[in-house]
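Enquirer: Under my numbering, the residue at position 161 of the sequence shown is numbered 182, and the numbers go up by one with no gaps. Every residue gets a Cβ at the ideal spot worked out from N, C-alpha and C, and that includes glycine. If you're wondering where the values come from, they're calculated on a predicted model, not measured in any experiment. After the structure tokens below, expect a handful of questions from me.
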Amino acid sequence: MPPSTSPLRLGLTGGIGSGKSTVAEIWRRAGHRVIDLDAHSRRVLDVPGDGVEAAVARFGEEFRGSGGTIDRAAMARLVFADPAARGDLERIVLTRVDTAVAEEEVAAASAGEPLVVHDSPLLLEKGREAEYAAVVVVLARREDRIERVVRDRGRDRGYVESIMAAQVTDLERIRRADRLILNTAGRDALERRSLHALAAALGALGALEDSALR
């Protein structure tokens, strides 16, 4: 029998190095289903299968890596120089991501889960906030974000700044968010703020009883 109700859908987003993934893990440990859209996106090109074959059919065998996945470096050089190619790749990836996310949401509904969170780094950049009951944004200081990515991901400052330049500004995030989480005071404070923001968002929507968050 199909599920009678769908879970409430919340969007979680933030710029590179903001701590969004940490917030997602805090909410996951609190018992909520968090769907990692970035992980689904990577899987399309990093795991041999339909997504890889669609990309190779569109761009050519020279973009197939030695392990049967997509040669990301070669693909990046192409799509950053060719907007049409970038649009085609996004369609290949996003179509499959949407399918995978829909399957997770069906599973959540079948299990009677009242909430699903979409951990989506490009939620605002893609203009998808209308798909969510509420959008929660994680904010952090610019220099803290750069330092975090350089330290934890081994990237250089120029790389981080180029990603930041391609994302929406913090002022735009503030304008479009329903709730904000400030990642400015360490892990313990971030955990408290994350759980409070989630409870406040759900309370404002009248979606769940307080006991469901404990």
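Who are the near neighbours of residue 27 in its chain, counting only those whose CB is closer than 6 Å to its CB and skipping five residues on each side?
Expert: 130
Enquirer: Count the C-beta pairs between the stretch 153-170 and the stretch 33-43 that are closer than 8 Å, then say yes if the count reaches three, no if not.
Expert: Between the stretch 153-170 and the stretch 33-43, the count of C-beta pairs closer than 8 Å reaches three or more; the two stretches touch.
Enquirer: Is the distance from the Cβ of residue 30 to the Cβ of residue 198 below 8 Å?
Expert: no
Enquirer: Where DSSP assigns a beta bridge to residue 56, which residues make up the other side?
Expert: 139
Enquirer: Apart from the five residues on each side of it in sequence, which residues of its chain come closer than 7 Å, Cβ to Cβ, to residue 118?
Expert: 58, 61, 62 and 65
Enquirer: Can you find at least 3 beta carbon pairs, one from the stretch 46-58 and one from the stretch 145-154, that sit closer than 8 Å?
Expert: No, the stretch 46-58 is not in contact with the stretch 145-154.
Enquirer: Can you name the residues that DSSP bridges to residue 91?
Expert: 85
Enquirer: For residue 92 and residue 82, I'd like the C-alpha separation in whole angstroms.
Expert: 10 Å
Enquirer: Straight-line CA distance for residue 45 to residue 178?
Expert: 25 Å
Enquirer: So what does DSSP say about residue 32, is it helix, strand or coil?
Expert: Of the three classes helix, strand and coil, the one that applies to residue 32 here is strand, per DSSP.
Enquirer: Provide the residue span of the alpha helix (DSSP H) that contains residue 167, from first to last.
Expert: Taken as a continuous stretch (DSSP letters only), the alpha helix (DSSP H) holding residue 167 covers 163-174.
Enquirer: So if DSSP puts residue 37 in a beta bridge, which residue, or which two residues, is it bridged to?
Expert: Answer is none; residue 37 lacks a bridge partner.
Enquirer: Note down the Cα distance separating residue 195 from residue 222, rounded to an integer number of angstroms.
Expert: 15 Å
Enquirer: If you compare alpha carbons, which of 149, 67, 103 and 72 is closest to residue 113?
Expert: 72
Enquirer: Give me the Cα-Cα distance between residue 234 and residue 33, rounded to the nearest whole angstrom.
Expert: Per-residue confidence for residue 234 stands at a pLDDT of 45, beneath the threshold of 50, marking its modelled position as unreliable; the derived number appears in the next sentence. Near 17 Å, if we compare the C-alpha coordinates of residue 33 and residue 234.
Enquirer: CA-CA distance, residue 116 and residue 210?
Expert: 37 Å
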